[in-house]
Amino acid sequence: MTQPVSNANMLKELILGSSSLTWLLIALLALATLLLFQFASYKKLGLALEKSFAGLYIFISPFLTQPPFNYLHFVNLKDPEGGILKLMPYFFYPWVVLLLISRIKIFSNNFIETFAKILIMNPFFLLYILLPLLSTLWSIFPEATLRAGLAFSGFTAFGFYIAAQYKWEDLSRFWRWGYTAIGLASFVMKPPGAGDFVGLTQSKNSLGGVLALCTAFWYLHYSQGAKTQKERWIALGMMLFSFYLVRANKSGSALVITIILIIAVSSLNFLKKLSFQWAFTAIICFLVVSIIMTVFVVDNLEDIIVGGLGKDLTLTGRTEFWPQLIAAVNQRPWLGYGYDGFFQQDKLGSATPAYFIYTPNGFQPKNPHNGGIGILLAFGWPGLILMMTSLLLNLAYAVRYLSRSRLEEAGIPICFLVSIIISNITEGYIIEIANPWLSYAMLTVRLAIDNTNNSSNSSSSNPPRRSLARTVH
1 MTQPVSNANM LKELILGSSS LTWLLIALLA LATLLLFQFA SYKKLGLALE KSFAGLYIFI
61 SPFLTQPPFN YLHFVNLKDP EGGILKLMPY FFYPWVVLLL ISRIKIFSNN FIETFAKILI
121 MNPFFLLYIL LPLLSTLWSI FPEATLRAGL AFSGFTAFGF YIAAQYKWED LSRFWRWGYT
181 AIGLASFVMK PPGAGDFVGL TQSKNSLGGV LALCTAFWYL HYSQGAKTQK ERWIALGMML
241 FSFYLVRANK SGSALVITII LIIAVSSLNF LKKLSFQWAF TAIICFLVVS IIMTVFVVDN
301 LEDIIVGGLG KDLTLTGRTE FWPQLIAAVN QRPWLGYGYD GFFQQDKLGS ATPAYFIYTP
361 NGFQPKNPHN GGIGILLAFG WPGLILMMTS LLLNLAYAVR YLSRSRLEEA GIPICFLVSI
421 IISNITEGYI IEIANPWLSY AMLTVRLAID NTNNSSNSSS SNPPRRSLAR TVH
């Protein structure tokens, strides 16, 4: 057991073991809640608290291993065992709602309008986010699916709220500094060593994905958003530091994605000058080439991977069990096995086909290592069709938004979509309760709102010819 976990257990025993100390902490928490609740009623202070929560939420979204941040993540609701600290989301998020009640009232006044915009622009997304809970009805492990579905829904709901409350300029700042904070905290608390640089996350691929986006966002801010020379120097320094952490991370896929994202950001000026049809075609072609390049580099060029990227060949292992997963999908193609229901071999044993899936060297996967296969296993072909349609719509809206807004704002959804599509070739991030899904949910909400608003503005600024003739008459 690691030292942070030991310290957390000692602190828990100290607090819960003394009734007087426990009541003192409860009283202090109640007093702090009362004061914050009163301060939050003021517009500026309420906005500051909400922005602080948004930054914290993005910071903890990859599921950090460092207490107390690990206990605040919704993924804890999936596991009923683990002590009282794993129940903290049940207390923390209602407490946040209480503090932000004045801001939530503003959101609730516009909720129906916001929901209608998303329903019109991307109904496939709204149908998809219902599946984790609905799949409890057909899951092979209903108990686990229900818990995971509740965690997924709560995790998505707060992302929905943040995206609806803030525009791209603020969201860009939240993501940029939130991911930078993860990199800095990882560098300080668990610095790179001889092995893989995992930092405060669970795996090097998880940290590598965050750092790749962080590098791209700082490069985007440096090239398109910085307004002063000082700001440009800061952005450049952060970009170089993030790229250094990508190299220290020793994840070959993270390095490839970083390079692809830098190329995508560098191409924004060119794409903006194209018509929608040509820009959309260029993005699709770029994604196809990027996917081919990623698979080719990670799977085939051993001398580049081992020598240049500092990584062992792992894609070969994935291709050994992917056909077995596809065979399991074909057993239940229309509904799947339920959200978080398939990889339960430790609890269900031979009741799940995952129990019989092995590679020749004896490795038994605990996740699909591919986003599309993960969705098929959870929800079947209807779920994958909903997600793919939603993804294509978001690509179209992102390209459309590119021609109507500042490049820094328009570059954020394009960077996220490129990263999500490429990373889910070798990892199943889109099906997990983690930062890739949160970013996808947030960009979907924001793109739907902004594209609806732009369409309305275009219609109002170009009235029908008949109305214009009457005005002239």
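Residue 1 is where the sequence shown starts when you use the working numbering, and the numbers rise one by one after that. Think of the CB as a built atom: it goes at the ideal place given N, C-alpha and C, for glycine as much as any other residue.
Classification of residue i by the beta-carbon crowding that lies within 10 angstroms, buried from 16 upward
i, result
"Q229", "exposed"
"S467", "Confidence in S467 is poor, its pLDDT being 38 and thus under 50, which makes the residue's placement too unreliable to answer from."
"L29", "exposed"
"I284", "exposed"
"R341", "According to the sequence displayed, residue 341 carries Gly and not Arg. By the neighbour-count rule (16 or more Cβ atoms within 10 Å), G341 is buried."
"D79", "exposed"
"D170", "exposed"
"W175", "buried"
"I238", "One point to set straight first is that residue 238 is Met, not Ile, in the sequence displayed. It is buried - the Cβ of M238 has at least 16 other Cβ atoms within 10 Å."
"G183", "buried"
"P323", "exposed"
"L31", "exposed"
"W168", "buried"
"Y71", "buried"
"L131", "buried"
"A327", "exposed"
"A148", "buried"
"N76", "buried"
"L98", "exposed"
"K117", "buried"
"D346", "exposed"
"T319", "exposed"
"Q331", "exposed"
"S266", "exposed"
Simplified DSSP assignment, three categories, for residue i
i, result
"I421", "helix"
"E427", "coil"
"I182", "helix"
"G371", "helix"
"T352", "coil"
"K366", "coil"
"K272", "helix"
"P192", "coil"
"Q344", "coil"
"A434", "coil"
"S138", "Reading off the sequence, residue 138 comes out as Trp, not Ser. If DSSP states are grouped into helix, strand and coil, W138 belongs with coil."
"R147", "helix"
"G338", "coil"
"L309", "A caution first: L309 carries a pLDDT of 44, below 50, which makes its placement in the model too unreliable to give a value."
"I101", "helix"
"I357", "coil"
"Y166", "coil"
"S403", "coil"
"S390", "helix"
"N330", "helix"
"F197", "coil"
"N451", "helix"
"S172", "helix"
"S290", "helix"
"I118", "helix"
"N110", "coil"
"I129", "coil"
"S153", "helix"
"S266", "helix"
Distance cut-off 7 Å: residue i Cβ against heavy atoms of the ligand PLP
i, result
"R404", "Ligands displayed in this structure: none; no statement on the ligand PLP is therefore possible."
CB contact check: residue i to chain C, cutoff 8 Å
i, result
"S390", "No chain C appears in the structure shown, which is made up of a single protein chain."
Quick check for students: name the residue ranges of the alpha helix (DSSP H) that lie wholly in the segment 29-86, counting only runs of 4 or more.
43-60
Counting beta carbon pairs with one atom in the segment 122-136 and one in the segment 390-404, are three or more of them shorter than 8 Å?
yes
What ranges does the alpha helix (DSSP H) occupy inside the segment 199-257, keeping only unbroken runs of at least 4 residues that lie completely in it?
204-220, 229-249
Determine, using beta-carbon pairs with one atom in the segment 128-140 and one in the segment 92-107, whether at least three such pairs fall under 8 Å.
no
Using 8 Å as the threshold, is the segment 430-438 in touch with the segment 276-283, meaning 3 or more CB pairs across them?
no
Below 8 Å, can you find three or more Cβ-Cβ pairs linking the segment 86-98 to the segment 403-419?
no
When you compare the segment 40-56 with the segment 399-406, are there three or more beta-carbon pairs, one atom per stretch, that lie closer than 8 Å?
no
Touch test, the segment 369-385 against the segment 252-259, Cβ-Cβ under 8 Å, three pairs minimum:
no
With contact counted as at least three CB pairs below 8 Å, one residue from each stretch, are the segment 404-411 and the segment 347-363 in contact?
no
Say whether the segment 260-267 touches the segment 205-220, bearing in mind that this needs 3 or more beta-carbon pairs closer than 8 Å, one atom from each stretch.
yes
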